[in-house]
Structures are given as C-alpha cells and as structure tokens.
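Mind the numbering: the first sequence is residues 1 to 109 in full-length UniProt numbering, read in order.
Input: a single structure, listed below in structure tokens.
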Amino acid sequence: MQPETLNFFDKVYEVAKQIPYGRVTSYGAIAMYLGAVKSARMVGYAMNGSVGKDVPAHRVVNRKGLLTGKHHFDGTNLMQQLLESEGIKVVDNQIQDFEKVFWNPSKEL
DNA sequence: TGAATGACGCGCC
DNA sequence: AGGCGCGCCATTC
Numbered sequence: 001m002q003p004e005t006l007n008f009f010d011k012v013y014e015v016a017k018q019i020p021y022g023r024v025t026s027y028g029a030i031a032m033y034l035g036a037v038k039s040a041r042m043v044g045y046a047m048n049g050s051v052g053k054d055v056p057a058h059r060v061v062n063r064k065g066l067l068t069g070k071h072h073f074d075g076t077n078l079m080q081q082l083l084e085s086e087g088i089k090v091v092d093n094q095i096q097d098f099e100k101v102f103w104n105p106s107k108e109l
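In structure tokens form, the structure reads like this:
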C-alpha cells in the first residue's frame with residue numbers, strides 16, 4: 001500500500017510525534033494545522049496506522065478532551081494509564097484541565 | 001465504479 | 001441544557 005495521500009498520514013504522524021511530554025492535542029487541531037479542518041476524521045483515521053510507528057496516539061484526543069480512541073488501543077484503560085503516567089489527569093476517559101495540557105501545533109509549532 | 005465506513009466537529013431540534 | 005443528525009475527506013470492501 002502506497003497511496004499518494006500517505007503524505008497526509010505522514011504529516012499527522014509528524015505532528016503527533018512532536019507532541020511535548022505531558023501535553024495532548026486534538027484531531028481538529030492537527031487537521032487545522034494540516035489545513036484540513038474538515039478532515040478531522042482523517043486525522044483519527046491516520047492514527048489507525050500510528051500503531052507500530054512512533055506516534056503517541058494516546059496524546060491525541062478529540063476536541064472535548066475525551067479519549068474516544070482508547071477503544072482502539074491495546075485494551076481499555078491503557079490509553080488513560082499512559083496519560084496519567086505523563087501527569088495528565090484523566091477521569092472516566094475525560095482529560096481534566098484539557099485546556100491546560102492542550103498543545104496547539106498551529107500555535108506552538 | 002459505487003457505496004459504506006470512520007480514533008471528529010459543528011449545527012440544529 | 002441536553003440529545004440527535006449531518007457533513008467532510010480519505011481509505012477500504
């Protein structure tokens with residue numbers, strides 16, 4: 001598999017990999033950075049192949065700070081455990097102080 | 001080639 | 001205020 005759009009995926013991986021420790025970002029933020037705000041879903045889709053790369057997908061959540069993708073991870077609370085391990089408070093798949101740990105690629109990057 | 005899906009986001013009822 | 005549905009872009013069947 002070698003779609004030209006791989007650039008899109010690669011771009012997502014690039015940004016995700018640059019997420020600082022103890023920080024998180026949203027699919028929409030990445031999509032916006034890529035210039036595809038309307039393709040926020042693609043960002044999440046791209047993360048689908050993040051497994052096996054070096055992309056801390058666990059630091060990427062939806063714009064509400066909800067670990068929507070945790071279901072896609074290893075098992076169940078792995079994603080939450082990882083985030084908490086980084087100092088991020090997570091309760092019931094919901095990131096606490098989301099705006100505080102939020103990392104805006106378009107702004108920071 | 002056409003249709004359905006999906007780790008989102010925003011709007012509307 | 002809360003819940004439901006639609007739209008977008010790319011990938012896959």
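Yeah, the Cβ is synthetic: ideal placement off N, Cα and C, and Gly gets one too.
Look at the alpha carbon of residue i and the alpha carbon of residue j, and state the distance between them as a whole number of angstroms.
i: Lys17; j: Val24; result: 11 Å
i: Asn77; j: Leu83; result: 10 Å
i: Gly8; j: Val91; result: The question names Gly, but residue 8 in the sequence shown is Phe. One C-alpha to the other measures close to 32 Å.
i: Leu67; j: Pro20; result: 18 Å
i: Glu86; j: Phe102; result: 13 Å
i: Asn48; j: Lys107; result: 25 Å
i: Asp54; j: Glu14; result: 9 Å
i: Lys70; j: Val61; result: 9 Å
i: Val12; j: Gln81; result: 23 Å
i: His72; j: Asp10; result: 19 Å
i: Asp74; j: Tyr33; result: 28 Å
Output yes or no for whether 8 Å exceeds the beta carbon distance between residue i and residue j.
i: Asn93; j: Ala29; result: no
i: Gly44; j: Phe98; result: no
i: Ser26; j: Arg59; result: no
i: Gly35; j: Ile88; result: no
i: Ala40; j: Ser50; result: no
Let's test the definition: count the other Cβ atoms within 10 Å of the Cβ of residue i and tell me whether it reaches 16, buried, or not, exposed.
i: Gln96; result: exposed
i: Leu109; result: exposed
i: Gly52; result: exposed
i: Glu4; result: With a pLDDT of 48 at Glu4, under the threshold of 50, the predicted position of this residue should be treated as unreliable, and no value is reported.
Using 8 Å for Cβ pairs, my map puts residue i next to residue j. What's the rounded Cβ distance?
i: Val37; j: Ala31; result: 5 Å
Quick one: which unbroken beta strand (DSSP E) runs of 3-plus residues sit fully inside the segment 31 to 105? Chain order, please. none
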